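Per the working numbering, the very first residue in the sequence shown carries number 874; after that it's consecutive. Even glycine gets a Cβ: it sits at the ideal position worked out from N, Cα and C. In this text, all values refer to a predicted model and were calculated from it rather than measured experimentally. Have a look at the structure below before the remarks.
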Amino acid sequence: MDGCVEADGDGGILVRVHAQPRAARNAFAGVHDGALKFRVTVPPVEGKANALIAEVMAKMFRVSKSSVSLVSGSQSKHKRFRVVGVTLPDALEIIAGAGI
């Protein structure tokens with residue numbers, strides 16, 4: 874999990890994400906290549922996959938959807954999201970507790 878999640882200095886976290894669109898279900902799928910892997914059912918068209926990843930992340934980190942924003946990688950499988958309202962220690966605990 875090293876490097877997947879870091880504090881952003883403003884009370885939130887920055888999360889490296891590996892996106893897998895067109896999956897069978899929406900879910901956090903563990904760590905892949907130095908990033909948290911999220912599977913989403915929608916294709917990567919018009920930002921739909923990014924929006925759904927943000928929604929899955931919000932649910933996972935127990936924050937509102939508006940607390941999750943895409944920072945970079947809008948048209949790439951490798952993305953960075955900012956999550957406000959969760960601390961780094963809490964985020965690491967949530968990820969570890971995901972059991973993947």
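Hey, which unbroken runs of the alpha helix (DSSP H) at 4 residues or more fall wholly within the stretch 919-955? Within the stretch 919-955, the alpha helix (DSSP H) runs of at least 4 residues that lie entirely inside it are, in chain order, 921-934.
Per-residue DSSP class, three states only, for residue 970: If DSSP states are grouped into helix, strand and coil, residue 970 belongs with the helices.
Suppose you measure from the CA of residue 932 to the CA of residue 938; what does that come to, to the nearest Å? Their Cα atoms are separated by approximately 8 angstroms.
Beta-carbon proximity check, residue 954 vs residue 943, cutoff 8 angstroms: In this structure, residue 943 lies closer than 8 angstroms to residue 954 by Cβ.
Would you kindly check if the distance between the Cβ of residue 898 and the Cβ of residue 975 is under 8 angstroms? Here the chain covers residues 874 to 973 and nothing more, so residue 975 does not appear.
Extent of the continuous beta strand (DSSP E) run through residue 902: In the DSSP assignment, residue 902 falls within the unbroken beta strand (DSSP E) covering 900-905.
Taking the alpha-carbon of residue 968 as reference, which of 929, 940, 919, 947 has the nearest alpha-carbon? Out of 929, 940, 919, 947, the CA that lies nearest to the CA of residue 968 is found in 929.
Where residue 964 sits in the DSSP three-state scheme: Reduced to three states, the DSSP call for residue 964 is helix.
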